[in-house]
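Residue 105 in numbering that gives the first Met the number 0 sits at position 106 of the sequence shown, and the numbers go up by one each step.
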Amino acid sequence: MLIGRGSKMKEGGNWLSDHCSLSLSSAALVLLIFLAAPMLCSAAVKESKDAGAAKLTVVAPPDGAFVTEQTVFLSGFISGVKADSIKISGSGIKVANAVVPIKDGTFGSFITFQEGKNQFTVSAAGLTKQIKVYFTPKKALKKGQKAPDGYKYFYVHSKPSALDCKECHSFRRGKFDFGRISPARSTCTTGECHSKMGKDAAHVHGPVGAGICISCHNPHGSFEPMQMERTGQELCLVCHEAKRKEFDQAVVHPPVEDGCVDCHDPHQSPMRFQLRGDGKQVSSLCFNCHEQEIFTKKHQHGPVATGDCIACHFPHASANSKLLIAPLEKGQLCYECHENVKEQMGRKVIHEPVAENCGNCHDPHSSETQFQLVAPSEKLCESCHREVSPDVYEAIDKAVFKHEPVAKGRCVDCHVPHGSEVASLLKGKGIQLCGTCHEELADEIAHSKNLHGPVKTGACAECHNVHGSAFSRLLVRYFPEDFYNEYKPEEYDLCFGCHNKDVAKTRNTDKLTNFRDKDYNLHFFHVNMKKGRSCIACHSPHASNQAKHIRYEVPFGRWSYPVEFTPDKNGGGCLVGCHAPKKYDRNKAVGKPSR
C-alpha cells in the first residue's frame, strides 16, 4: 500500500482484500489502540530506538525481496548523523532521482527494476546499505511458483504513490518516533479502487469504517500476502487481545487455528461480527464448511431449525469436545435448556443411556424421526433391549396375542424414556398406568372396596404378560374363555398358580374351602362337572364391593344376572338370577347335595 493522506492513488491499485482481519465494533476504540501500536518492520523500529549510533535504515524494499511490481517506492531514514541527501546507485535500476534529499531524517524515491536480479546501494554520510531485489512480472509467474533461492516474496501495492512519513508517524521536537503510529485515515476508500468499501454493508469492521487501513495493512509492503502487518491470529489479536485466553483451550475450531478470516470478513458483512453468512442465520456461515444435509432432515432440533448453532457450540474454542458449551456427559449440555428432563433425572430409576449421554438416543441436529431420535422408537429400543432384555423380546416374537402399544412400537405409552419413580421406567404402578387406557376397569377398581391381591399391590404382571402372550387377554397362563367348561385342573392353570389347585377336586371336605355346606364342597358343585362354571362366573378377577370378590352380575350371553352375596358367621347366602336363593352353613347342612 503506497497511499498517504494528501497523495493520489494511481489507477489499478487494489491492495485491500476480503481476507484480512477480525471485526472491531467501534472505530473510536481502533483510534485509541493504534496510538500505541507498532507499524514498521521490526528492523526499522529496532534501529530507531538506537538513536545514539549513526545508522542508515532502508524500510522498503528490504534486502532479499522478491517482487512482482516493477516500480516500488523506496523509503528509509538516517539517524545519529546529519546528512542532506542520499545517493542511490546500481546497475539496471532506474530511480527518479539518483540523489534524494533527506528531510527530517527521512527519504523516499521511486525505483524501477529490471527483470531478474537487481542490486543497488543506498549511501549517505559515509553510511552504506546494499540491497538485492529480484523482480518477475506478475503475468510471467507460474502457478505455485516459489521465490528464487535467497529471496522471499515481498508484497507491495500495485501502482505505488509517494509516502509522507508524517501522515502515520509521530514527529516531535524535530524527530520521528518510528515506534509509534498515528491512526491516519487513508484515501483507499475514497478513491476509484475501493470506493464502496465500508459503505454498503450493515456491519463494518471498525478500522474500515474509520478509514484506518494501516491498522492491518503495511503501506510500505510486507512479507505477508496483501501487505498484512502480521499473519493469522496474531494480526487480529493485536486488538482482540481478550480472545487470546479464550483460544487457549483444549479444543480449538480449526478456522481459528488457521486465522480468523475463514469465518469473519475483515472488511464488511451483512451479519454481525462481519460473519461470512447471508445476514439471517448463523448457520449460513457454518454451512460454508459443514455438510448441510445432516441439519435439514424432517425433525430438527430447535436451535438448528432457527440456524442458531452457537446455542450449543462455542465458535472459537472450548474445554469440551465438538466446541460444546457444556460437557455431553450426564446430559449437562442438554440441561442448559431441557430443565424438565433434568428434573426426571432426579428420580429413583434412570435410563442408563440417558445417564451416559443424550446422544445415545437423540441426534442433536436433525432426524427423520420425531424428537430427533436416531431411529424409529421401536427400532431404537430394540437396538439395546433385545440384548439386555432377551425374555421381553422372546415374548414379543412368540406372542399370539399382542399388546397394542408393543405391536405398534409405542414403548413410551407405558415407559418414561428418561427417569421414573417406578421400576422398569414405568409411567405408573399397576392400575395407575394400565388405567390410562383401560378406563372402565380403572373406574371399577376405584369404586371397589375389595381388590384382588395383585391389583391391590399394583402387580398386574402377576396375571398379564404386558409385552405379549400365547394366551388370550395377555394372561401369563391359560384360562378358558368360555363360561362353561368341562372340569380339568389345567383349564384353570392361571388361578391355580396361586390358589389351591385341589379346591374343586374333592366332593367332600372340611379343610380345602370355606365355601361348603357342612362338608359338601360347593366349589366342586359349581366347577367339577362336564358343564362346569369357570372361576369368573362368580368372581371378579380385579375388584368388587362384595366379599370374596363376588361380582355384581353374572354375564350370560346377551344377558347379565345380578348377584347378591351375603356372608355370615358360619356361611352365607346367594341371591342370583340363575337360581332360587341359596344358603350354606359350615356347621349344619342347609341343603341336600344334588350330586
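Here a beta-carbon is modelled for each residue, glycine too, at the ideal position from N, C-alpha and C.
Fair warning: this is a prediction, and the values are worked out from it, not measured in the lab.
Here DSSP, grouped into helix, strand and coil, assigns Lys-321 to helix. Here the alpha carbon of Val-99 sits roughly 29 Å from the alpha carbon of Lys-137. Taking C-beta atoms under 8 Å as the contact rule, Phe-482 and Phe-555 qualify, at a distance of about 7 Å. Here the C-alpha atom of Gly-107 lies approximately 4 Å from the C-alpha atom of Ser-74. Within 10 angstroms of the beta-carbon of Gln-369 lie fewer than 16 other beta-carbons, which makes it exposed.
Sequence-distant partners of Cys-285 (beyond 5 residues in either direction) whose C-beta falls short of 7 Å from its own C-beta, in its chain, are Cys-308. Per DSSP, the unbroken alpha helix (DSSP H) holding Val-340 starts and ends at 338 to 343.
Around the beta-carbon of Ala-542, 16 or more other beta-carbon atoms lie within 10 Å, marking it buried. Burial is judged here by how many other beta carbons sit within 10 angstroms of a residue's own beta carbon; Asn-569 has fewer than 16 and is exposed.
Residues of the same chain with a CB within less than 8 Å of the CB of Gly-89, apart from the 5 flanking positions on each side, are Asn-117, Gln-118, Phe-119, Thr-120 in chain order.
Pro-389 sits exposed, since fewer than 16 C-beta atoms from the chains shown fall within 10 Å of its C-beta.
Take Cys-573, set aside five residues on each side of it, and the residues of its chain with a beta-carbon closer than 6 Å to its own are Phe-564, Lys-581, in chain order. The secondary-structure analysis by DSSP pairs Ile-110 across a beta bridge with Val-71, Val-94. Under the 10 Å beta carbon count, Tyr-560 is surrounded by fewer than 16 other beta carbons and is classified as exposed. Boundaries of the beta strand (DSSP E) harbouring Lys-131: 126 to 134, taken from the DSSP string.
Contact between the region 265 to 280 and the region 198 to 213 is present: 3 or more CB-CB pairs across the two stretches fall below 8 Å. Judged by DSSP in its simplified three-state form, Ile-293 adopts helix. Between Lys-547 and Asn-527, the CB-CB gap reaches or exceeds 8 Å. Here the region 417 to 430 makes contact with the region 342 to 353; the two share three or more CB pairs at distances below 8 Å. In the three-state scheme derived from DSSP, where H, G and I count as helix and E and B as strand, His-204 is classed as coil. Per the Cβ contact rule, the region 138 to 149 is not in contact with the region 177 to 184 (fewer than 3 Cβ pairs under 8 Å).
For the pair Ser-366 and Leu-424, the Cα-to-Cα distance works out to about 25 Å. The beta carbon of Gly-429 sits closer than 6 Å to those of Gly-457, Cys-459, all from its chain and outside the five residues before and after it, given in chain order. Rounded to whole angstroms, the separation of the alpha carbons of Asp-257 and Val-132 is 30 Å. Comparing C-alpha distances from Phe-109 to each of Ser-194, Tyr-334, Ala-95 shows the shortest one belongs to Ala-95. In this structure, DSSP gives Gln-280 a state outside helix and strand, which the three-state scheme calls coil. In the same chain as Gln-545, and ignoring 5 residues on each side of it, the C-beta atoms closer than 6 Å to its own belong to Phe-564, in chain order.
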